[in-house]
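Single-structure report; data block below.
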Amino acid sequence: MSHPHLELSAPAELPEGALRVIPLGGLGEVGRNMTAFEYAGRLLIVDCGVLFPEENHPGVDLILPDWSSIRSKLDAVEALVLTHGHEDHIGATPYLLRERQDIPLVGSELTLALLGSKLREHRLRETVHHVVKEGDRVSFGPFDLEFVAVNHSIPDALAVAIRTGAGLVLHTGDFKMDQLPLDGRITDLRAFARLGEEGVDLFMTDSTNAEVPGFTTAEKSIAPVLDRVFHQSSQRIIVACFASHVHRVQQVLDAAAAHGRKVGYVGRSMVRNMAIAQELGYLHVPAGVVVEAKELAQLPPEKQVLISTGSQGEPLSALSRIAQRNHNFVHIEEGDTVVFASSLIPGNENSVYRVINGLARWGANVVHKGNANVHVSGHASAGELLYCYNIVQPRNVLPVHGEIRHMQANAALAKATGVPDEHVVIAEDGVVVDLVDGKAQIAGKVDCGYVFVDGSSIGDITEADLKDRRILGEEGFITVITVVDLANGKVLSGPEIHARGFAEDEAVFDEIKPKIVTAVDNLLAEGCDDQHQLQQAVRRTIGRWVGTKVKRRPMIVPVIIEA
Numbered sequence: 001m002s003h004p005h006l007e008l009s010a011p012a013e014l015p016e017g018a019l020r021v022i023p024l025g026g027l028g029e030v031g032r033n034m035t036a037f038e039y040a041g042r043l044l045i046v047d048c049g050v051l052f053p054e055e056n057h058p059g060v061d062l063i064l065p066d067w068s069s070i071r072s073k074l075d076a077v078e079a080l081v082l083t084h085g086h087e088d089h090i091g092a093t094p095y096l097l098r099e100r101q102d103i104p105l106v107g108s109e110l111t112l113a114l115l116g117s118k119l120r121e122h123r124l125r126e127t128v129h130h131v132v133k134e135g136d137r138v139s140f141g142p143f144d145l146e147f148v149a150v151n152h153s154i155p156d157a158l159a160v161a162i163r164t165g166a167g168l169v170l171h172t173g174d175f176k177m178d179q180l181p182l183d184g185r186i187t188d189l190r191a192f193a194r195l196g197e198e199g200v201d202l203f204m205t206d207s208t209n210a211e212v213p214g215f216t217t218a219e220k221s222i223a224p225v226l227d228r229v230f231h232q233s234s235q236r237i238i239v240a241c242f243a244s245h246v247h248r249v250q251q252v253l254d255a256a257a258a259h260g261r262k263v264g265y266v267g268r269s270m271v272r273n274m275a276i277a278q279e280l281g282y283l284h285v286p287a288g289v290v291v292e293a294k295e296l297a298q299l300p301p302e303k304q305v306l307i308s309t310g311s312q313g314e315p316l317s318a319l320s321r322i323a324q325r326n327h328n329f330v331h332i333e334e335g336d337t338v339v340f341a342s343s344l345i346p347g348n349e350n351s352v353y354r355v356i357n358g359l360a361r362w363g364a365n366v367v368h369k370g371n372a373n374v375h376v377s378g379h380a381s382a383g384e385l386l387y388c389y390n391i392v393q394p395r396n397v398l399p400v401h402g403e404i405r406h407m408q409a410n411a412a413l414a415k416a417t418g419v420p421d422e423h424v425v426i427a428e429d430g431v432v433v434d435l436v437d438g439k440a441q442i443a444g445k446v447d448c449g450y451v452f453v454d455g456s457s458i459g460d461i462t463e464a465d466l467k468d469r470r471i472l473g474e475e476g477f478i479t480v481i482t483v484v485d486l487a488n489g490k491v492l493s494g495p496e497i498h499a500r501g502f503a504e505d506e507a508v509f510d511e512i513k514p515k516i517v518t519a520v521d522n523l524l525a526e527g528c529d530d531q532h533q534l535q536q537a538v539r540r541t542i543g544r545w546v547g548t549k550v551k552r553r554p555m556i557v558p559v560i561i562e563a
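Letter by letter, the sequence shown follows residues 1 to 563 in UniProt numbering.
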């Protein structure tokens, strides 16, 4: 099993007849999934998703995969295959298409429809779409693609088998093996077995639930729980879930119809996605159940159900605004029931519990996975993965989609079913894997960091900028303005000190001002006329004092003005 933390250099030139796998996101993290495949000078990309920022990313809207290593080769991209319509698999596509708009987009009907509305928001209208379904087999350049139905928490998900002269790769995308899915569309294990008999040279498998023993609970198991929640609730019900979770919304609609309630969607993405799903026939809305959210507000509370975005505690989401009581027309009242019908994405725990506490403070009854079975995962657990390994019997395994612990657990399952240790490769983002003569091995690494979207800025924000923002938010900042006469070598006025984020009165700085003057005067007396050196003297002097006196490490902005 390859170690994930090798000191690696850039990969050598790809050997003739070999396939190169370049993970650009999604390996070592849950989100921003993107993998590039290179063969015979041509590229195929599978997925192009986003990662949502955590609390240590102040001001960041989205995090994109880093495709800088293939930017010079974008003209060689034959297609972008999208396995399903979740944000962590399609959300970064508009940003990639800004760099080459005519990359063919390949995916199922629902996936491309959900992406299409996103592309229109980005004013990308001249894009190339290829709708595929399970059983289809199409070629793009040297890549022969076959699509396989898989069950997930969104309809129309697909695995993709990629055939090249280097061998056969089977990429599962996100999947589970629900045997009683709401839409009757199960993971096609017969196709997996057929591909296994043909010979899968590299099996790229979803790792998210590899640590979870047994089998993932069926989606239908939620229905009785929702029915009980509806039966026990005497006032308004608010259900928070992902805006793409069509199956979960379907169950809420059915429960509402059974209990004589009306449903309104809250949140722009929820309204948009459910309209698309209903139009394409993936969401079946009982007659007369769905009304406009503002119209719903006119009904008695016991007749109301709101389906809202914000299950991850996103600050600007509808549910967060409801919890803060600053939503336009939804006002939480004592006795309302709020159901969190989604899992917690790692890193979002604090945000979610902040919203839960906010709702509870207003008297709401909050139902979540911790106290009721209101969510089941969309990912295969260990038992399902073992089935897949035994059916496919791959020659090489590359766990994908998960944090490092998930991928290691997945790798252990592969070895347990007989895949040789040296044929199980653990790679993280940027670690390149080559399939050469039927053997997968790490070949090097490419630059692969976080690309931050901050308003209209893409990639301009660095880790250093975020560090500055964290310091500003946690420690405050100090500006020190000093006027100097370089000709005569002395301080004319100042220093004038202003602080933000300090509880102390600014008079506390009176004792450090003479020391700043002395430090600057000493440098000027030595003939120093370099502004940067003078600024550093100010920064060091006040920085040491603040660290000792106030026990803080603020951002210090020294300003030297020449008279």
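Even for Gly, the Cβ is constructed at its ideal location relative to N, Cα and C.
{"Asked": "Where do the ends of the alpha helix (DSSP H) carrying E334 lie?", "Found": "Segment: none, E334 is in no alpha helix (DSSP H) and carries neither H nor E."}
{"Asked": "Bridge partners of F203, per DSSP?", "Found": "L170, V397"}
{"Asked": "From the DSSP output, in three-state form, read off D254 for me.", "Found": "helix"}
{"Asked": "For G165, collect the residues of the same chain with a Cβ closer than 6 Å to its Cβ; drop the 5 residues on either side in sequence, then sort them by chain order.", "Found": "G17"}
{"Asked": "Would DSSP call V30 helix, strand or coil?", "Found": "coil"}
{"Asked": "Could you have a look at G402 and say whether DSSP puts it in helix, strand or coil?", "Found": "strand"}
{"Asked": "Inspect the CB distances between the region 107 to 120 and the region 129 to 137 and report whether three or more fall short of 8 Å.", "Found": "yes"}
{"Asked": "Taking all protein chains shown into account, do 16 or more other C-beta atoms lie within 10 angstroms of the C-beta of L492, making it buried, or fewer, making it exposed?", "Found": "exposed"}
{"Asked": "Where do the ends of the alpha helix (DSSP H) carrying I276 lie?", "Found": "268 to 279"}
{"Asked": "Between the alpha carbons of L486 and E562, how many angstroms are there, rounded?", "Found": "7 Å"}
{"Asked": "Return the chain-ordered ranges of every beta strand (DSSP E) run that is complete within the region 484 to 528 and spans a minimum of 3 residues.", "Found": "490 to 500"}
{"Asked": "Among L534, H122, I332, A440, which has the Cα closest to the Cα of residue 574?", "Found": "The structure shown does not extend to residue 574, since the chain is modelled only from 1 to 563, so the question has no answer here."}
{"Asked": "Candidates I322, L319, I542, R500: which alpha carbon is nearest A519's?", "Found": "I542"}
{"Asked": "Among T83, W67, R120, E121, which one has its Cα closest to the Cα of G99?", "Found": "According to the sequence as given, residue 99 is Glu; it is not Gly. Measuring from the Cα of E99, the nearest candidate turns out to be W67."}
{"Asked": "Give the DSSP-derived three-state secondary structure of L472 in the structure shown.", "Found": "The predicted model places L472 with a pLDDT of 46, which falls under 50 and marks its position as unreliable; any figure quoted below should be read in that light. Note: L472 maps to helix in three-state DSSP."}
{"Asked": "Can you tell me where the alpha helix (DSSP H) with E562 in it begins and where it stops?", "Found": "Segment 555 to 562 is the beta strand (DSSP E) holding E562; no alpha helix (DSSP H) there."}
{"Asked": "Around the Cβ of A210, are there at least 16 other Cβ atoms within 10 angstroms (buried) or fewer (exposed)?", "Found": "buried"}
{"Asked": "How big is the Cα-Cα spacing for D206 and S320?", "Found": "31 Å"}
{"Asked": "With A36 and H84 assumed to form a contact (beta carbons below 8 Å), what rounded beta-carbon distance in angstroms separates them?", "Found": "About 19 Å separates the two Cβ atoms, so there is no contact after all."}
{"Asked": "Is K262 near G288, with beta carbons less than 9 Å apart?", "Found": "yes"}
{"Asked": "CB-CB under 6 Å to P104, same chain, minus the five flanking residues each way: which ones, in chain order?", "Found": "A79, V128, H130"}
{"Asked": "How many Å lie between G358 and G335 at the Cα?", "Found": "14 Å"}
{"Asked": "So what does L51 bridge to, in DSSP terms?", "Found": "I63"}
{"Asked": "So I391 and G91 are supposed to be a Cβ contact under 8 Å. How far apart are they, rounded?", "Found": "Incorrect: roughly 31 Å between the Cβ atoms, too far for contact."}
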